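Encoded as structure tokens, the structure appears first; notes follow it.
See below:
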């Protein structure tokens, strides 16, 4: 063993089955054991005192010196191109002072042989290769260190034959990086126009675990041409889901970071047994999110019930929830399913106490109910007890208002327009830029519900030959800025009637503090008819609009 500074236990170190190399803080070699001497002397007659980069094509010594954290990397010996597995370890003296980096190095083929000998790794590899080779999708496999292990012909075709753009390649790299970073599945999309048609690349990366150990990542890619007919079919399905209130998470339109965070959280929370709290202003889609989590979760085959606390008289709320006798309350009906409780700020302290005890006790034993609570206004100690707040705030989702995700505005508007095309048998293709500019300048105090109502008023009664919505179709939206409310100036008799009816409904509801039974009685209509009109005019059933 060549040495300037003595190793302890030299005999043991010399008989280790891998090379040991000690690097100082100047990245020069100061010690090697016998195997290290054998490997490196083939490259250069002098070893000690030489910079490590003379022997390895890529050295991570600088990174380890700066971070003081160990690394394991695959690299190559210079000249011979021999593949090596190298462990970089910070080397400290007795006073914990960094004096260099210790390299433990062995030929990669030796390491690979040991893995195959002692595990089922080779069997898994062969199975994966066969599956990937016969798949119609483009597939590649990568090791945890991002080294590419296997690529099938379809992947080669996408990348090389179709000359993938730099942007697509960047999307592929970002997709695998995110999957590696969070150790979970990640899906990405990339759209490109070709020959007048849109091609959509769907890229998916997923970690592969064997017996709890991460062995690598599988990444797939497929290309789909945008099909107008299929697109319209999906829009039609969304319209039906909207009418039936049987939502999915994809029905929450938008690609902003703020919305994606909420949707990703919802995917993680949808199968919880603990209560979930959704906070969001009027018209942001709290009910949609709650129903989507139920529809996509393990409880989808069981009941979903919606309870708006403001719609139930305070003195009868407990009987509605718990019933007067066995199996008569809402909690018994929703067993194993989901109960969405809206406007919890209006729960009495006594009901909170009883509900808290139920959730912490009897529910866990036999009811297995997923409670989803929501509020259009922030919850405070004025309304809720400390322990009830602690209970619901453990898993919290906050839907951002439309004014905080203006980047989604155009996408939402065009999606709603496609839905209205189907509903009213129209063929509107676009919205004028000036309209979109005014939409962007507006703060949307009632959020998406207000946007949908505004668009619906614009398309009612227009001709089948209209292809673009202009300012003329929005007479009620002519003078709008960040500090004004919508000014509605009816254009047709039907619009005037709708405008009057909506505002009169709001007036009566406000007068009765949104008590639906009293309001329906004063209006001379049934409670069912009142709900229909509120949905028609996009009046939130628990709103203060």
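Residue numbers (this note's numbering): -3 to 541.
From the three backbone atoms N, C-alpha and C, an ideal C-beta is built for every residue, glycine too.
Treat the numbers as computed from the prediction; the structure is a model and nothing was measured.
- Taking residue 284 as the centre and dropping the five residues before and after it, the same chain places the C-beta of 243, 247 and 248 closer than 7 Å to its C-beta, in chain order.
- DSSP places residue 256 in the helix class (H, G or I) of the three-state scheme.
- At the C-beta level, residue 307 and residue 266 stay beyond 8 Å of one another.
- As DSSP reads the structure, residue 187 sits in a beta bridge with 196.
- Checking the DSSP bridge columns, you'll see residue 313 has no partner listed.
- Distance from the CA atom of residue 531 to the CA atom of residue 393, rounded to whole angstroms, is 24 Å.
- Cα atoms of residue 250 and residue 440: separation of roughly 16 Å, rounded to the nearest angstrom.
- Non-local beta-carbon contacts of residue 50 in its own chain, meaning distances under 8 Å to residues more than five positions away in sequence, involve 39, 40 and 74 in chain order.
- For residue 368, the uninterrupted beta strand (DSSP E) run begins and ends at 366 to 371, by DSSP.
- DSSP places residue 275 in the strand class (E or B) of the three-state scheme.
- Here the C-alpha atom of residue 390 lies approximately 12 Å from the C-alpha atom of residue 269.
- In the structure shown, residue 10 falls within a helical segment according to DSSP collapsed to helix, strand and coil.
- Residue 423 has its alpha-carbon roughly 36 Å from the corresponding atom of residue 522.
- Apart from the 5 residues on each side of it in sequence, residue 356 sits with its Cβ closer than 8 Å to the Cβ of 387 in its chain, given in chain order.
- Under DSSP, the beta-bridge partners assigned to residue 426 are 464.
- At least 8 Å separates the beta-carbon of residue 71 from that of residue 98.
- Counting other Cβ atoms within 10 Å of its Cβ, residue 20 reaches 16 or more and is therefore classed as buried.
- Note on residue 217: 16 or more other CB atoms within 10 angstroms of its CB, so buried under the neighbour-count rule.
- With a cutoff of 8 Å on beta-carbon distance, residue 335 and residue 305 are scored as not near each other.
- Residue 134 and residue 150 do touch by the CB rule: their CB atoms are close to 4 Å apart, below 8 Å.
- Rounded to the nearest whole angstrom, the C-alpha separation of residue 408 and residue 86 is 53 Å.
- In the structure shown, residue 380 falls within a coil segment according to DSSP collapsed to helix, strand and coil.
- Closest by C-alpha distance to residue 13, out of 24, 405 and 29, is 29.
- Cβ contact annotation for residue 381 (same chain, cutoff 8 Å, sequence separation greater than five): 345, 348, 349 and 352, in chain order.
- With contacts defined by Cβ atoms closer than 8 Å, residue 395 and residue 276 form a contacting pair.
- Exposure of residue 257 is indicated by the presence of fewer than 16 other C-beta atoms within 10 angstroms of its C-beta.
- The Cβ neighbour count for residue 177, taken over all protein chains shown within 10 Å, is under 16; the residue is labelled exposed.
- Per DSSP, reduced to three states, the secondary structure at residue 302 is strand.
- Under the three-state reduction of DSSP, residue 59 is assigned to helix.
- For the 8 Å CB-CB criterion, residue 201 and residue 215 form a contact.
- Ranking 138, 195 and 174 by CA distance to the CA of residue 154 puts 195 first.
- Shown here for residue 498: same chain residues with a beta carbon closer than 6 Å to its own, the five before and five after excluded, namely 533 in chain order.
- Here the C-alpha atom of residue 444 lies approximately 42 Å from the C-alpha atom of residue 137.
- 429 is the residue among 429, 399 and 397 whose C-alpha sits nearest the C-alpha of residue 410.
- By the Cβ-count criterion, residue 526 is buried, with 16 or more other Cβ atoms from all chains shown falling within 10 Å of its own Cβ.
- Membership of residue 30 in the alpha helix (DSSP H) is indicated by the continuous run 30 to 37.
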